[in-house]
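This note's numbering numbers the first residue of the sequence shown as 99 and each following residue consecutively.
Backbone N, C-alpha and C define an ideal beta-carbon position, used for all residues, glycine too.
These notes are about the structure you will find just below.
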Amino acid sequence: MECGLLCQQASCMSMVYEATGRICHLHNRIITNTSDCSWRPNTSYYTVVSGVANGYDCDIITDSCLKKLPSAMSWSDGSVQCAAEGAVLLHIDSVSKQQAVQHYMIERGYSTVWLGINDIAKEGDWRTEHGSDSPGYFNFSPGQPDDFTNQDCAILKIYYGYQWEDVWCWSTNTVVCEIAKAL
Ligand SMILES: [Ca+2]
Ligand SMILES: [Ca+2]
Numbered sequence: 099m100e101c102g103l104l105c106q107q108a109s110c111m112s113m114v115y116e117a118t119g120r121i122c123h124l125h126n127r128i129i130t131n132t133s134d135c136s137w138r139p140n141t142s143y144y145t146v147v148s149g150v151a152n153g154y155d156c157d158i159i160t161d162s163c164l165k166k167l168p169s170a171m172s173w174s175d176g177s178v179q180c181a182a183e184g185a186v187l188l189h190i191d192s193v194s195k196q197q198a199v200q201h202y203m204i205e206r207g208y209s210t211v212w213l214g215i216n217d218i219a220k221e222g223d224w225r226t227e228h229g230s231d232s233p234g235y236f237n238f239s240p241g242q243p244d245d246f247t248n249q250d251c252a253i254l255k256i257y258y259g260y261q262w263e264d265v266w267c268w269s270t271n272t273v274v275c276e277i278a279k280a281l
């Protein structure tokens, strides 16, 4: 009861009460399913393994959770929308992640998805969405990026066998936000 009142006062999204230690854990994220919690033996509470905002799928990528936004939009609008919920645009930095995302897109029927990289600041110099890091991993389709009439943002595209293409940042594409799994 006290935990619930504390939660109300703090406007928390969910809570876990640790009976043995009489500790109330308040969370600012909704715990979406029981696999996010592990049952502690000999106690009457759950420990949060990964509490993630509602609507995110945490079974695709090892370290993060993904959510597709309801409508397609430009790269910068997608970036702002993801940031509003503490997330970033989907970022692929390894072969294994590329394969996992590809499987996810096939399963969901997504044909194009924005990637969190661009070469807006300097042509041909691809950088991650926030900050100045080089992405480190690239999977552009042969002949891409071609900067055709100033294309500075990247998508992952079914047409190119799920490889990447540079496109106009103002074009509208599916947005998948990515958020780190919280422990
Ligand atoms: Ca470019
Ligand atoms: Ca292109």
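Review point. With C-beta atoms as the reference, is residue 189 less than 8 Å away from residue 213?
Key: yes
Exercise for review: Could you tell me which residues DSSP puts in a beta bridge with residue 276?
Suggested key: 164, 186
Exercise for review: Return the CA-CA distance between residue 232 and residue 169, expressed in angstroms with no decimal places.
Suggested key: 29 Å
Check your understanding: Alpha carbon to alpha carbon, how far is residue 268 from residue 252?
Key -> 11 Å
Practice item. Report buried or exposed for residue 245, applying the criterion of at least 16 other Cβ atoms within 10 angstroms of its Cβ. Key: exposed
Practice item. Could you check the C-alpha separation between residue 272 and residue 204 for me, to the nearest Å? Key: 14 Å
Practice item. Within the same chain, show all residues whose beta-carbon is closer than 8 Å to that of residue 227, passing over the 5 residues directly before and after it, in chain order. Key: 177, 186, 187, 189, 214, 215, 216
Review point. Can you name, in chain order, every residue of its own chain whose Cβ lies under 6 Å from the Cβ of residue 223, other than the five neighbours on each side?
Key: 217
**Study point:** Sequence ranges, alpha helix (DSSP H) only - wholly within the stretch 175 to 222, length at least 4
**Key:** 193 to 206
Review point. For residue 182 and chain D, any beta-carbon pair shorter than 8 Å?
Key: Among the chains in the structure shown there is no chain D, since it carries only a single protein chain.
Check your understanding: Can we count residue 233 as close to ligand 2, meaning its CB is less than 7 Å from some heavy atom?
Key -> no
**Study point:** Cβ neighbour criterion (16 or more within 10 Å) applied to residue 243
**Key:** buried
Point to revise | Straight-line gap, residue 262 to residue 277 (C-alpha atoms, nearest Å) | key: 21 Å
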